[in-house]
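In UniProt numbering, the protein residues as written are 1 to 105.
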Amino acid sequence: MRRFKKMKLLDIAHSRTGDKGNISNISLIVYDEKDYPLIKEKVTAEKVKEYFSDIVKGEVIRYELDNLRALNFVMYDALGGGVTRSLAIDKHGKSLSSALLEMEL
């Protein structure tokens, strides 16, 4: 596991996102399996909820996919009511995965 003073998630991982109604999910996948314990420790559901506190109004649940060295975050009440109800520019929440990669560890 690498240790740096400051780094962003984008330095060690990539992500994908999806949505259904007012629920968004973000997967976080490390490039190097040696970094997986670090993101498991540092990127908690509570930290993701805090990071997106202006956007996500509901619960955030983290699923660990150890065999893939990935985390999946399901964020409820995250898309301003959903695609057909939101006035947000990015109604699908696709940019949320890029925003998460900016999180500092």
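Built from N, CA and C at the ideal position, the CB exists for glycine as well.
Among residues of its own chain, excluding the 5 on either side of residue 69, which ones have a beta-carbon nearer than 6 Å to its beta-carbon? 30, 33 and 36
Have a look at 102, 101 and 95 and flag the residue whose alpha-carbon is nearest the alpha-carbon of residue 24. 95
Using DSSP bridges, identify the partner residues of residue 27. 16 and 72
Endpoints, the alpha helix (DSSP H) within which residue 101 is located: 96-101
Going by C-alpha to C-alpha distance, which of 56, 66 and 74 sits closest to residue 18? 74
Collapsed DSSP secondary structure at residue 79 in the structure displayed: Three-state DSSP puts residue 79 in coil, outside helix and strand.
For residue 39, three-class secondary structure by DSSP: helix
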